[in-house]
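Mapping of the sequence shown onto the working numbering: residues 564 to 750, in sequence order.
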Amino acid sequence: DTNYGTTVQDNVLKTSHSLTLTGLSRGTVYHFRVKSTDSFGLQNTSLDQTFMVAPATPSGLVSSGGKGQIDLIWSPNSEQDVSGYHIYRSTTSGAQFQKLINSLLTETLYSDNSTTNGVTYYYKISAVDNNGNESNLSGQVSAASTNTSTPQSVHGVLTDNTIWSTTGSPYTVTKDILVNEGVTLLI
Numbered sequence: 564d565t566n567y568g569t570t571v572q573d574n575v576l577k578t579s580h581s582l583t584l585t586g587l588s589r590g591t592v593y594h595f596r597v598k599s600t601d602s603f604g605l606q607n608t609s610l611d612q613t614f615m616v617a618p619a620t621p622s623g624l625v626s627s628g629g630k631g632q633i634d635l636i637w638s639p640n641s642e643q644d645v646s647g648y649h650i651y652r653s654t655t656s657g658a659q660f661q662k663l664i665n666s667l668l669t670e671t672l673y674s675d676n677s678t679t680n681g682v683t684y685y686y687k688i689s690a691v692d693n694n695g696n697e698s699n700l701s702g703q704v705s706a707a708s709t710n711t712s713t714p715q716s717v718h719g720v721l722t723d724n725t726i727w728s729t730t731g732s733p734y735t736v737t738k739d740i741l742v743n744e745g746v747t748l749l750i
């Protein structure tokens with residue numbers, strides 16, 4: 564028999580109810596049941612339901628538009644059971660994101676070659692664990708591919724993940740470049 568631990572009771576009649584749970588641990592299977600009472604006092608209890616905590620939202624997503632493609636890179640999740648990532652794309656800022664490819668990406672970089680030059684694309688990513696739990700979508704980044712490459716002067720301190728791809732080249736290093744700890748420079 565499953566021990567359900569904490570009971571939350573709300574004596575106000577409602578058609579919907581939400582509850583925020585805190586202090587949950589990844590990798591733990593949580594069980595719950597819902598008990599409801601109608602306006603006549605009749606009670607009903609659901610069957611046992613389960614859930615697990617999804618991975619953390621991926622971070623560090625950056626994009627770089629270049630000749631005929633857009634490159635993406637992000638920081639890997641720290642959870643040991645993350646099996647891959649999904650990329651979502653839209654041509655509308657903040658809305659209408661669609662999964663770009665159905666298979667999970669196991670690397671933390673991707674080149675989108677299915678772009679139209681001059682169109683701005685918006686991207687978000689999610690992490691998926693070995694149980695199929697998907698994280699919330701990351702923050703949004705955007706870029707546009709071009710049909711030409713403009714030389715880029717680079718120098719300074721890199722504080723965010725950065726991509727120097729062949730589609731964005733040539734790059735000219737004009738002064739020292741320092742890559743902060745925990746930051747990825749993909750060349």
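Heads up, the beta-carbon is just placed ideally off N, CA and C, and yes, glycines get one too.
Counting only residues of its own chain and dropping the five nearest sequence neighbours on each side, Leu663 has a CB closer than 6 Å to the CB of Ile650 and Arg652. In the same chain as His580, and ignoring 5 residues on each side of it, no C-beta atom comes closer than 6 Å to its own.
Assignment of beta-bridge partners to Leu668 by DSSP yields Tyr648. Under the DSSP assignment, His594 falls in the beta strand (DSSP E) whose first and last residues are Tyr593 to Phe595. Asn566 counts as exposed, since fewer than 16 other C-beta atoms from the protein chains shown sit within 10 angstroms of its C-beta. The Cβ atoms of Ser609 and Val592 lie no closer than 8 Å to each other.
Under the three-state reduction of DSSP, Gln612 is assigned to strand. Here Leu663 carries a coil assignment [DSSP, helix/strand/coil]. Residue nearest to Gln632 within the set Glu670, Ala706 and Tyr648 is Ala706 (criterion: CA-CA distance). Among the bridge pairs identified by DSSP, Leu741 is matched with Val720.
Residue state for Asp675 is assigned as strand, using DSSP reduced to three classes. When the five nearest sequence neighbours on each side are left out, the beta carbons in the same chain lying within less than 7 Å of the beta carbon of Leu582 are those of Val571, in order along the chain.
The same chain holds no residue with a CB closer than 7 Å to that of Lys577 once the five nearest residues on each side in sequence are set aside.
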